[in-house]
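So the structure is just underneath, and the comments pick up after that.
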Amino acid sequence: MIKNYIKIAWRNLLKHKGYSAINIFGLGLGMAVTLIIGLWIVDELNYNSYFKNESQIAQIYQTQTFNGKTGTSTAIPRPLEFTLREKYASYFNHVVMASWEQPMTLRLKDKVINQSGISIQEEAPEMLNLTILKGENKGLKEKNSIMISQLCAKTLFGNTDPLGKIININDRDDMMVTAVYQDIPQNNSFSGVRFFIPWKHFIESQEWLTSAKDEWDNNSFQLYVQVAQNTSMQQITEAIAHVKSEENSTMAQFKPELFLLPMNKWHLYSNFENGVQTGGRIENVWLFGIIGAFVLLLACINFMNLSTARSEKRAMEVGIRKTIGSTKGQLIKQFLSESFLVVMLSFILALGLVILFLNAFNSLADKQISFPWDNGLFWMVSLLFILFTALISGSYPALYLSSFSPIKVLKGTFKAGKMAALPRKILVVTQFSVSVALIIGTLIVMSQIEFSKNRPVGYKTEGLIQIPVMSYEFVGKDELMRNQFKASGAVLEMATSSSPTTQVWSNQSGFSWEGKPEGFQEDLAHTQVSYEYVETLGIKMAAGRGFSRKFATDSSAIILNQAAVNYMGLQNPVGKFITQGSREGDSRKFEIIGVMENMVTQSPYEPVKQAMYAFDRYGNASYWNLRLNPVKSIRENLTIVEEIFKKNFPNTPFNYDFIDQEYAKKFAEENRIASLAKVFTILAILISCLGLFGLASFVAEQRTKEIGVRKVLGASVANLWLLLSKDFVILVVIALIIATPVAYYLMQKWVQKFTYHTEISAWIFIAAAAGALAITLLTVSFQAIKAAIANPVKSLRTE
22 MIKNYIKIAW RNLLKHKGYS AINIFGLGLG MAVTLIIGLW IVDELNYNSY
72 FKNESQIAQI YQTQTFNGKT GTSTAIPRPL EFTLREKYAS YFNHVVMASW
122 EQPMTLRLKD KVINQSGISI QEEAPEMLNL TILKGENKGL KEKNSIMISQ
172 LCAKTLFGNT DPLGKIININ DRDDMMVTAV YQDIPQNNSF SGVRFFIPWK
222 HFIESQEWLT SAKDEWDNNS FQLYVQVAQN TSMQQITEAI AHVKSEENST
272 MAQFKPELFL LPMNKWHLYS NFENGVQTGG RIENVWLFGI IGAFVLLLAC
322 INFMNLSTAR SEKRAMEVGI RKTIGSTKGQ LIKQFLSESF LVVMLSFILA
372 LGLVILFLNA FNSLADKQIS FPWDNGLFWM VSLLFILFTA LISGSYPALY
422 LSSFSPIKVL KGTFKAGKMA ALPRKILVVT QFSVSVALII GTLIVMSQIE
472 FSKNRPVGYK TEGLIQIPVM SYEFVGKDEL MRNQFKASGA VLEMATSSSP
522 TTQVWSNQSG FSWEGKPEGF QEDLAHTQVS YEYVETLGIK MAAGRGFSRK
572 FATDSSAIIL NQAAVNYMGL QNPVGKFITQ GSREGDSRKF EIIGVMENMV
622 TQSPYEPVKQ AMYAFDRYGN ASYWNLRLNP VKSIRENLTI VEEIFKKNFP
672 NTPFNYDFID QEYAKKFAEE NRIASLAKVF TILAILISCL GLFGLASFVA
722 EQRTKEIGVR KVLGASVANL WLLLSKDFVI LVVIALIIAT PVAYYLMQKW
772 VQKFTYHTEI SAWIFIAAAA GALAITLLTV SFQAIKAAIA NPVKSLRTE
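Numbering (my numbering), first residue to last: 22 to 820.
If you want it as structure tokens, here you go:
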């Protein structure tokens with residue numbers, strides 16, 4: 022019986038090749054979109070699944086309140102480690118302190134590479150359950166040991182065994198390779214880490230790190246834990262929440278609270294607002310999951326519409342089958358079999374499309390997703406996906422077709438009434454409501470990104486580069502390099518900074534000033550800079566001046582941004598003093614010599630943070646900032662700069678970043694989301710147009726006699742085009758009326774998430790409406806004009 026159903030279904034597909042092609046291609050495209058979104062969602066949900074102890078590993082976070090505003094951070098004081106080990110040891114298998122990931126220079130004789138690494142305690146490899154290829158996971162016991170990744174080992178040593186070999190770090194310390202671990206896959210934390218070095222080495226490398234063991238207000242470290250079996254993270258959070266206040270009463274004023282964030286939430290649930298978890302990338306997972314479901318729905322609607330629209334063509338077949346004894350159930354099975362066949366063919370097409378475009382999608386989404394050929398679960402889910410799609414797309418046509426009365430059909434009196442077309446109209450309205458909502462949403466996302474990109478950044482990003490100070494060879498060479506760079510004519514000016522231009526690496530408090538409110542808890546971004554910083558970056562000064570060699574007192578001076586002046590409530594701040602108390606009990610005064618316009622150094626969607634810029638007296642430069650000569654080409658300037666750099670540091674790689682490109686990276690995530698949304702919106706529109714094209718073709722075919730009669734009676738091509746097009750235009754207008762308020766409500770809530778956001782313009786809705794109507798008319802017009810210019814005699818003969 023099933024074989025017979027499939028045979029009949031196949032004959033029907035071949036009999037109506039045009040409609041079959043529209044059905045298969047439309048449904049295949051919809052299934053391909055859903056499949057590729059599904060693969061992306063699985064990749065996102067499986068983030069950090071590489072680590073076997075993922076469910077037991079967590080990072081310690083803390084919240085602190087400054088003047089009623091609560092912030093959340095992963096920056097932790099060092100004494101917390103000792104407290105957790107001593108007083109809460111039963112809760113943990115491992116307590117691991119770590120530095121931030123940072124780039125370093127690795128040197129093997131004359132071979133030099135730059136890689137990112139972390140200083141971390143020796144239990145880390147065991148906690149992370151790293152796959153050790155050579156050596157052992159106890160490889161961080163010795164102070165001068167180093168564990169390197171498989172890629173790092175290949176780059177430095179080639180096919181030579183690296184164990185026991187010596188690598189020099191930052192032209193300062195010699196480290197022995199004690200282990201090589203398997204590269205951590207991209208969709209995991211620590212995937213960019215190419216080596217681990219011992220915590221002991223890090224702590225002993227600088228004096229302030231040693232003294233930090235008693236400083237509860239020095240939040241400069243990260244802390245990871247692996248919780249004990251049968252211990253809940255919520256239980257631990259409740260136990261350690263107030264440890265900072267309990268161990269150091271001076272911290273109580275900031276209301277610090279500690280909590281554990283499980284490893285499986287680091288990637289998807291990383292957003293916090295005023296101390297409360299507010300989502301993160303999980304919102305994108307939901308967004309694209311909904312888009313995938315809607316795109317599949319659009320494809321299924323096409324199938325339903327075309328199947329029911331052609332019902333009269335199959336009415337006689339249904340009537341005869343019922344007359345010779347076929348039951349309604351058997352007819353439903355037959356039509357569902359046809360749906361299953363179409364869906365199977367569509368799925369094969371979808372697989373081909375996914376395989377063909379997966380690399381392009383990976384490039385767009387910044388992923389490394391591979392097709393899961395050997396994953397049995399994927400094929401089981403795919404089978405369910407096929408059955409589900411066949412049921413959704415085929416159930417309504419099967420029920421509708423099997424309900425025909427055999428008496429009316431065989432008498433020739435059967436005719437689908439106006440009510441029969443109503444479900445099709447509802448489905449078309451649904452299709453275009455979804456498509457229009459996607460168009461509006463995509464336009465608003467693009468508008469928000471463009472609005473933020475055009476935000477004044479407070480300095481000139483073009484023609485500005487930064488060179489990371491990655492080696493101890495650089496120390497004390499700032500002035501020498503500045504003079505050589507300027508003398509070359511390739512560089513107009515150079516200045517140093519302790520943070521990159523587009524980030525803030527340090528925050529400070531403990532200041533007092535005239536007029537400071539009682540109990541005010543300040544929190545200022547802090548950057549140390551050299552002379553000519555203002556000139557190099559092209560910063561506009563709202564008042565006062567930048568650091569100058571003409572004033573010896575500038576070594577004890579600071580510059581504030583406008584946000585800091587407003588935050589601190591200062592009036593005419595230039596010439597006033599700020600005092601900072603030290604832990605030893607003495608204090609240091611800083612004169613405010615200038616107020617700069619706000620520089621966007623953090624999120625371009627949020628207000629600029631209050632910041633102070635202090636003169637770098639101790640040579641703490643992390644970056645050299647160079648303003649290139651605009652008269653010469655970028656290539657010429659960089660060639661000269663590299664020659665000077667190599668002359669002074671022949672064994673160090675010349676690395677640099679364009680500041681405009683670094684600033685553009687702040688929009689990378691949103692740009693990816695917008696690009697993916699654009700692609701999926703275009704595909705959704707294409708699927709809707711395919712269905713509309715098929716329906717228009719059917720309507721033109723159904724009204725062939727009417728068109729012939731009207732032409733004979735003098736109707737023009739324009740009249741006939743309007744006759745065939747107006748019903749579709751009306752349906753799209755209804756879809757616009759439904760989609761517009763829904764899209765406005767949802768997108769208004771979305772843009773409100775950003776403090777610095779665009780206003781939703783009426784032009785977006787006008788553009789979406791115009792686009793939808795234009796697409797509809799273009800799609801329908803082909804069939805309408807084709808029918809209108811046909812020979813009326815031939816049209817009448819077909820009847």
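The C-beta atom is built at its ideal place from N, Cα and C for all residues, glycine as well.
Item, Value
"Are S140 and S120 touching if we call contact CB-CB under 8 Å?", "yes"
"Rounded C-beta distance between Y634 and I579? I'm assuming under 8 Å.", "6 Å"
"What residue ranges within the stretch 139 to 163 form continuous alpha helix (DSSP H) runs of no fewer than 4 residues, ordered along the chain?", "145 to 149"
"Compute the Euclidean distance between the alpha carbons of I810 and L716, then round it to the nearest angstrom.", "19 Å"
"Let me check understanding here. Comparing Cα to Cα, which of V117, T104, W220 lies closest to K265?", "T104"
"Is DSSP giving S802 helix, strand or coil here?", "helix"
"Any idea what DSSP makes of A53, helix, strand or coil?", "helix"
"My output table needs one value for R648: the three-state DSSP class, helix, strand or coil.", "strand"
"Figure out for me which residue from T463, L362, F666 has the closest Cα to the Cα of K498.", "F666"
"Measuring straight from C-alpha to C-alpha, what distance separates R566 and Q592?", "17 Å"
"By Cβ distance, which residues of its chain are closer than 7 Å to L794, with the 5 residues on each side in sequence left out?", "V750, V753"
"Would you please verify whether the beta carbon of A79 is less than 8 Å from any beta carbon of chain C?", "Given the protein chain composition of this structure (a single chain), no chain C is represented."
"Rounded to whole angstroms, how far is the Cβ of E514 from the Cβ of R648, which I believe are closer than 8 Å?", "5 Å"
"Kindly identify the DSSP beta-bridge partner or partners of M491.", "According to DSSP, M491 bridges with nothing at all."
"For the candidate residues A273, F275, N305, whose alpha-carbon lies nearest to that of H852?", "The structure shown has nothing for residue 852, since the chain only spans 22 to 820."
"Apart from the five residues on each side of it in sequence, which residues of its chain come closer than 8 Å, Cβ to Cβ, to L319?", "G51, Q452, V455, S456, A705, I708, S709, G712"
"What does a CB cutoff of less than 8 Å around A632 pick up in its chain, not counting 5 residues either side in sequence?", "V525, L545, A546, H547, T548, L581, N582, A584, A585, M620, T622"
"Considering Cα atoms alone, identify which of F356, G49, V496 is closest to S519.", "V496"
"Below 8 Å between beta carbons: does that hold for E612 and S643?", "no"
"Determine the extent of the beta strand (DSSP E) in which I599 is found, giving its start and end residues.", "598 to 602"
"If you follow the alpha helix (DSSP H) that Q298 is part of, which residue opens it and which one closes it?", "Premise fails: Q298 lies in the beta strand (DSSP E), 297 to 300, not in any alpha helix (DSSP H)."
"Can you say whether L767 is buried or exposed, counting buried as having 16 or more other CB atoms within 10 angstroms of its CB?", "exposed"
"Given I759, which residues of its chain have a CB within under 8 Å of its CB, disregarding the five upstream and five downstream residues?", "V450, S454"
"Could you pull out every unbroken beta strand (DSSP E) segment of at least 3 residues lying fully inside the stretch 568 to 597, listed in chain order?", "578 to 582"
"DSSP on T522, reduced to helix/strand/coil?", "coil"
"Consult DSSP for M768 and reduce its assignment to one of helix, strand or coil.", "helix"
"The alpha helix (DSSP H) with M197 in it runs from where to where?", "Run containing M197: none in the alpha helix (DSSP H); it sits in the beta strand (DSSP E), 194 to 202."
"So, is F273 buried or exposed, given that buried needs 16 or more other C-beta atoms within 10 angstroms?", "Note on identity: in this sequence residue 273 is Ala, with Phe being the wrong assignment. The residue is exposed, with fewer than 16 neighbouring Cβ atoms inside 10 Å."
"Contact check, I224 vs M148 under 8 Å by CB: the rounded distance?", "Contact doesn't hold; Cβ gap of about 19 Å is too wide."
"P277 and Q85: beta carbons closer than 8 Å?", "yes"
"Give me, in chain order, the residues of the same chain whose beta-carbon lies closer than 8 Å to that of E605; leave out the 5 immediate sequence neighbours on both sides.", "The predicted model places E605 with a pLDDT of 49, which falls under 50 and marks its position as unreliable; any figure quoted below should be read in that light. Result list for E605: empty, nothing under 8 Å."
"At the level of alpha carbons, what is the spacing between F435 and N67?", "Note that F435 scores a pLDDT of 49, beneath 50, so its modelled location is shaky; the value from the coordinates is reported in the next line. If you take the alpha carbons of F435 and N67, they lie about 55 Å apart."
"Is it buried or exposed, L697, if we count other Cβ atoms within 10 angstroms and call 16 or more buried?", "buried"
"In three-state terms, what does DSSP make of N189?", "strand"
"T258 and L281: beta carbons closer than 8 Å?", "yes"
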